[in-house]
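These notes concern the structure reproduced below.
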Amino acid sequence: MTPFVFATAQYESGDWDSAPSLPGNIIDSIARYTSLPVAPQGVSVSLSSNDALRYPMLFLTGHLPVRFTTQEAEVLKRFIARGGLLFIDDHNHDIDGAFHKTVMEEIARLIAPLTRLPNDHALYSAFFTFEDGPPTTSHELNGWGDNLIHEHLWGVRQDNRIQVLYSNKDYSSEWNFHPDNKRFLGVDPTRFAVNIVVYALTH
Amino acid sequence: MRSRTDLSAELSGQRASGLPRTRRARLVLEWIARTVAFGALLAAIWWSVFGAPLVRMTDANSAIAVGPADSWTNTRTDSLVELLLSRLGHPDQPHVTLAVHTVPDTRVRGLLHAAQLAGVNVQWREASGTLLPVALSSSPVPDPNGGMIVRAAAPNGAAFTLADSLGWLDSAFVETEGVQWSIAGPPRALTAGDARAHESPTLRLGRLRLFSAPGWEARFVMRVLEESGWDVDAEFSIAPRVRVSAGTPAAIDTSRYSAVIALDSTAWNSAAAIARFVQSGGGLVLFGSAARSSAFAAVRISAAGAAQPGIPGALQTSTPREGLALRSIAAGGSDVTVLERSTRPGAPVALAAHRVGAGRVLQVGWEQTWEWRMLGVDGAEQAHRDWWRSLVQRVAFGAEEATAEWWEPLPGAAAPLADWVARLGPPSVEETAPGTDTSAMAQPAPPPPWLFAIGVLALLTEWWSRRLRGAR
Numbered sequence: 692m693t694p695f696v697f698a699t700a701q702y703e704s705g706d707w708d709s710a711p712s713l714p715g716n717i718i719d720s721i722a723r724y725t726s727l728p729v730a731p732q733g734v735s736v737s738l739s740s741n742d743a744l745r746y747p748m749l750f751l752t753g754h755l756p757v758r759f760t761t762q763e764a765e766v767l768k769r770f771i772a773r774g775g776l777l778f779i780d781d782h783n784h785d786i787d788g789a790f791h792k793t794v795m796e797e798i799a800r801l802i803a804p805l806t807r808l809p810n811d812h813a814l815y816s817a818f819f820t821f822e823d824g825p826p827t828t829s830h831e832l833n834g835w836g837d838n839l840i841h842e843h844l845w846g847v848r849q850d851n852r853i854q855v856l857y858s859n860k861d862y863s864s865e866w867n868f869h870p871d872n873k874r875f876l877g878v879d880p881t882r883f884a885v886n887i888v889v890y891a892l893t894h
Numbered sequence: 003m004r005s006r007t008d009l010s011a012e013l014s015g016q017r018a019s020g021l022p023r024t025r026r027a028r029l030v031l032e033w034i035a036r037t038v039a040f041g042a043l044l045a046a047i048w049w050s051v052f053g054a055p056l057v058r059m060t061d062a063n064s065a066i067a068v069g070p071a072d073s074w075t076n077t078r079t080d081s082l083v084e085l086l087l088s089r090l091g092h093p094d095q096p097h098v099t100l101a102v103h104t105v106p107d108t109r110v111r112g113l114l115h116a117a118q119l120a121g122v123n124v125q126w127r128e129a130s131g132t133l134l135p136v137a138l139s140s141s142p143v144p145d146p147n148g149g150m151i152v153r154a155a156a157p158n159g160a161a162f163t164l165a166d167s168l169g170w171l172d173s174a175f176v177e178t179e180g181v182q183w184s185i186a187g188p189p190r191a192l193t194a195g196d197a198r199a200h201e202s203p204t205l206r207l208g209r210l211r212l213f214s215a216p217g218w219e220a221r222f223v224m225r226v227l228e229e230s231g232w233d234v235d236a237e238f239s240i241a242p243r244v245r246v247s248a249g250t251p252a253a254i255d256t257s258r259y260s261a262v263i264a265l266d267s268t269a270w271n272s273a274a275a276i277a278r279f280v281q282s283g284g285g286l287v288l289f290g291s292a293a294r295s296s297a298f299a300a301v302r303i304s305a306a307g308a309a310q311p312g313i314p315g316a317l318q319t320s321t322p323r324e325g326l327a328l329r330s331i332a333a334g335g336s337d338v339t340v341l342e343r344s345t346r347p348g349a350p351v352a353l354a355a356h357r358v359g360a361g362r363v364l365q366v367g368w369e370q371t372w373e374w375r376m377l378g379v380d381g382a383e384q385a386h387r388d389w390w391r392s393l394v395q396r397v398a399f400g401a402e403e404a405t406a407e408w409w410e411p412l413p414g415a416a417a418p419l420a421d422w423v424a425r426l427g428p429p430s431v432e433e434t435a436p437g438t439d440t441s442a443m444a445q446p447a448p449p450p451p452w453l454f455a456i457g458v459l460a461l462l463t464e465w466w467s468r469r470l471r472g473a474r
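Top to bottom, those sequences are chains A and B.
The first sequence begins at 692 in this note's numbering and counts up by one.
The second sequence begins at 3 in this note's numbering and counts up by one.
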């Protein structure tokens with residue numbers, strides 16, 4: 692069985708590598724909680740290259756405005772049309788920041804408008820069960836952003852199958868720590884990342 | 003020519019003006035002559051269309067002229083019955099020879115066959131050299147979107163059209179192996195030349211059961227099958243004590259499932275149940291990683307070979323599957339049908355099928371087919387979906403449901419010329435009996451000459467009378 696490879700999307704605008712510890716942390720969680728074969732190292736792949744199509748799940752994050760180049764837009768449209776899953780997280784955890792507004796515009800322009808994902812979607816029971824929908828993050832109420840709990844994630848779906856998953860809950864900050872520090876946490880926040888990966892591999 | 007109103011006015015005017023009685027009689031005669039001429043013309047037309055005699059007695063050895071197939075009206079069939087009955091028990095044992103332009107319909111074929119069995123020597127010959135032996139068959143495709151596979155056989159070089167009740171669907175020129183169509187939509191009756199395929203039954207399909215480890219192949223196989231309309235059940239082992247279900251996995255039997263898809267070793271523990279499923283009519287799409295286990299020895303074509311890596315860059319070519327890893331199949335059994343060979347050295351078998359009990363098994367050598375969908379050329383996702391759809395169609399089980407025409411309503415309609423020959427034997431090579439009018443046998447008889455003579459005589463009479471009285 693081919694191991695799962697966690698792939699982070701590079702794009703020309705913005706800071707695509709703003710959460711450098713996140714891939715290793717998610718890989719650790721997959722290995723820790725599941726028996727799925729997983730590559731020990733993640734990869735970074737340029738959205739302007741067809742190599743992005745080798746990884747049917749891509750993670751994209753950043754703080755700054757996102758404007759895809761023509762080549763990136765072409766590859767991204769092809770990626771989605773062929774069945775890939777793009778997971779985008781707003782590293783700013785605010786409701787109307789530049790990243791949020793530009794991602795909403797770009798996804799609507801290239802694929803389809805993002806809509807709220809119901810909190811009983813299969814994503815929330817793909818492995819761990821999250822009865823109240825997406826888990827909150829410690830960054831949502833810290834006063835640096837909109838100081839609101841974002842109760843839903845956003846998505847573009849086809850036949851209820853997620854094509855684009857968008858979070859403005861700042862999981863990039865929540866999961867951006869060394870895996871060894873999980874032992875100090877009462878509840879591992881990366882459990883939801885396991886759900887996203889398992890959902891991608893089985894739906 | 004004056005109208006009937008003009009003539010009436012003329013007659014009434016003459017009557018009023020006191021014309022001689024003989025002149026009025028002449029005008030009436032002219033009117034009658036015109037009416038007779040018109041009547042003769044209409045009768046000749048009616049005769050050509052409806053009244054051409056089917057049966058023509060030539061001498062003691064009877065011959066019959068048979069018109070086009072669409073002229074087999076009840077009246078004509080009745081006259082044929084009359085002839086055949088007159089031949090029964092005839093002391094001279096005369097034969098009845100038919101010259102046909104097209105193959106008579108099922109009813110007439112049965113009638114002639116019955117007469118032959120009753121002792122009448124019925125022979126036939128082709129009148130115009132246009133008889134085309136076509137055999138047509140259709141069968142429902144086990145696919146949620148329905149559809150039919152239609153096959154036609156005819157001699158090389160034959161050309162004909164395929165049609166349904168709404169009109170033409172396609173034309174065909176037969177080369178070496180007949181013609182095959184894949185037709186979307188509900189089952190329906192079709193015709194090709196004289197051949198007719200009756201409406202095939204619809205299929206009641208079950209769900210599909212997927213055995214796979216969680217991974218990209220599982221994701222994309224589920225996706226393409228659901229996009230094709232199938233409901234897919236699967237169960238994935240995510241952790242030692244955690245299994246995640248998709249759909250509603252249940253016991254494997256033909257009442258629930260149309261086919262099982264075994265992608266890898268996760269199917270090994272269920273191999274016995276899958277083998278029973280296939281024996282009882284179910285379909286199995288068996289991939290090399292699953293076929294490696296001896297647990298599948300009862301149903302697999304061969305143990306899969308070692309995986310050969312895909313050819314670099316081939317996903318972007320016109321043979322994209324060569325870019326996939328391949329576990330070749332040793333398809334040596336006489337009951338095995340090889341469906342695809344790789345272009346690699348030695349032409350290893352990549353796709354093969356065979357029957358097991360009442361079911362069918364399709365063994366697939368290609369691995370990780372999702373790479374074709376994601377990394378292939380433009381249109382790869384559609385090609386990948388169609389390919390997977392065809393894999394399942396080849397093996398899926400569907401219970402036939404009766405339709406209004408589930409039985410064949412017209413025996414022999416699928417291959418009428420073959421049925422005709424089977425009933426009456428091959429065409430006669432016997433010389434035409436002396437005195438037989440072969441042209442009359444070959445062509446429908448024209449209207450009788452006396453009808454023409456009456457028409458001409460009536461017109462001449464009318465013209466002659468009008469000229470003598472100075473009218474134009």
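Idealized CB from N, CA, C, for every residue including glycine.
Going by C-alpha to C-alpha distance, which of Pro809(A), Asp780(A) and Val766(A) sits closest to Gly774(A)?
Among Pro809(A), Asp780(A) and Val766(A), the Cα nearest to that of Gly774(A) is on Val766(A).
Counterpart residues of His356(B) in DSSP-defined beta bridges
Val363(B)
What does the Cβ neighbour count give for Phe175(B), buried or exposed, with the cut at 16 atoms within 10 Å?
exposed
Buried or exposed by the 16-neighbour rule on C-beta atoms within 10 Å, applied to Val763(A)
Strictly speaking, residue 763(A) in this sequence is Glu, with Val absent from that position. When all chains shown are included, Glu763(A) counts as buried.
For the pair the region 283-292 of chain B and the region 254-267 of chain B, tell me if three or more CB-CB distances fall below 8 angstroms.
With the cut-off at 8 angstroms, the region 283-292 of chain B and the region 254-267 of chain B touch.
So what's Ala71(B) in DSSP terms, helix, strand or just coil?
The pLDDT assigned to Ala71(B) is 40, lower than 50, so where the model puts this residue is not dependable, and the model offers no usable value.
Closer than 8 angstroms to chain B by CB, Thr893(A)
yes
Kindly indicate the opening and closing residues of the beta strand (DSSP E) around Val340(B).
Thr339 to Arg343
I want to see whether chain C comes within less than 8 angstroms of Gln370(B), judged by CB atoms only; does it?
The displayed structure is made up of protein chains A and B, and chain C is not among them.
How big is the Cα-Cα spacing for Arg26(B) and Leu87(B)?
54 angstroms
On the DSSP bridge assignment, give the partners of Phe750(A) in chain order.
Thr699(A) and Phe778(A)
Would you mind listing the alpha helix (DSSP H) stretches within the region 833-873 of chain A that are 4+ residues and don't spill past its ends, in chain order?
862-865
Going by CA-CA distance only, name the one from Phe770(A), Asp785(A) and Tyr702(A) that's closest to Asn859(A).
Asp785(A)
What are the boundary residues of the beta strand (DSSP E) that Met150(B) is part of?
Met150 to Ala155
Report the three-state DSSP secondary structure of Gly705(A) (helix, strand or coil).
coil
Suppose you measure from the CA of Trp422(B) to the CA of Thr99(B); what does that come to, to the nearest Å?
Roughly 14 angstroms separates the two Cα atoms.
Measuring only the C-alpha atoms, how far is His894(A) from Met376(B)?
16 angstroms
Proximal residues of chain B, C-beta to C-beta of Val757(A) below 9 angstroms
Those do not exist, as Val757(A) stays about 23 angstroms from chain B at its closest Cβ, beyond 9 angstroms.
Between Gly217(B) and chain A, is there a C-beta pair that is closer than 8 angstroms?
yes
Interface residues of the region 217-242 of chain B facing chain A [CB-CB below 9 angstroms]
Gly217, Trp218, Glu219, Ala220, Arg221, Phe222, Met224, Arg225, Val226, Glu228, Glu229, Ala236, Phe238, Ser239, Ile240, Ala241 and Pro242
Check the Cβ-Cβ distances between Leu377(B) and every residue of chain A, and say whether any is below 8 angstroms.
yes
Given a threshold of 16 other Cβ atoms within 10 Å of its Cβ, counted over all protein chains shown, does Pro216(B) qualify as buried or as exposed?
buried
If the cut is a Cβ gap below 8 angstroms, which residues of chain A does Ala248(B) touch?
Thr893 and His894
Can you confirm whether the region 343-363 of chain B touches the region 220-230 of chain B when touching is taken to mean that 3 or more C-beta pairs between the two stretches lie within less than 8 angstroms?
no
Please go through the same chain and pick out, in chain order, the residues whose beta-carbon is closer than 7 angstroms to the beta-carbon of Asp72(B), but skip the five residues on each side of it.
Because Asp72(B) sits at a pLDDT of 42, beneath the cut-off of 50, its placement in the model cannot be relied upon, and the point is left open.
Can you tell me the Cβ-Cβ gap for Trp777(A) and Leu744(A), rounded? I've got them flagged as a contact below 8 angstroms.
Correcting the residue type first, residue 777(A) is Leu in the shown sequence and not Trp. Actually they do not touch by this definition, with Cβ atoms about 12 angstroms apart.
Given that Glu342(B) touches chain A, what residues does it touch there, using C-beta distances under 9 angstroms?
Close partners of Glu342(B) in chain A (Cβ separation under 9 angstroms) are lacking, with about 23 angstroms as the shortest Cβ gap.
Which word fits Ala297(B), buried or exposed, when buried means at least 16 other C-beta atoms lie within 10 angstroms of its C-beta?
buried
Just to confirm, is the Cβ distance from Val885(A) to Phe790(A) under 8 angstroms?
no
Can you check DSSP and say which residues form a bridge with Ser141(B)?
DSSP output for Ser141(B) lists Ile151(B) as bridge partner(s).
With DSSP collapsed to three states, give me the class of Met59(B).
Its pLDDT being 46, under 50, Met59(B) is placed unreliably by the model, and the measurement read from it follows with that caveat. Of the three classes helix, strand and coil, the one that applies to Met59(B) here is coil, per DSSP.
So, Ala309(B) versus Tyr724(A), is the Cβ gap smaller than 8 angstroms?
no
Interface residues of chain B facing Val889(A) [CB-CB closer than 9 angstroms]:
Pro216, Phe238, Ile240 and Val246
Please report whether the beta-carbon of Thr725(A) lies at a distance below 8 angstroms from any beta-carbon of chain B.
yes
Contacts around Asp780(A), its chain only, beta-carbon distance under 6 angstroms, and the 5 residues preceding and following it disregarded:
Thr752, Ser858, Tyr862 and Ser863
DSSP on Gly437(B), reduced to helix/strand/coil?
Confidence at Gly437(B) is low in this model, with a pLDDT of 42, below 50, so the placement of that residue is unreliable and no value is reported for it.
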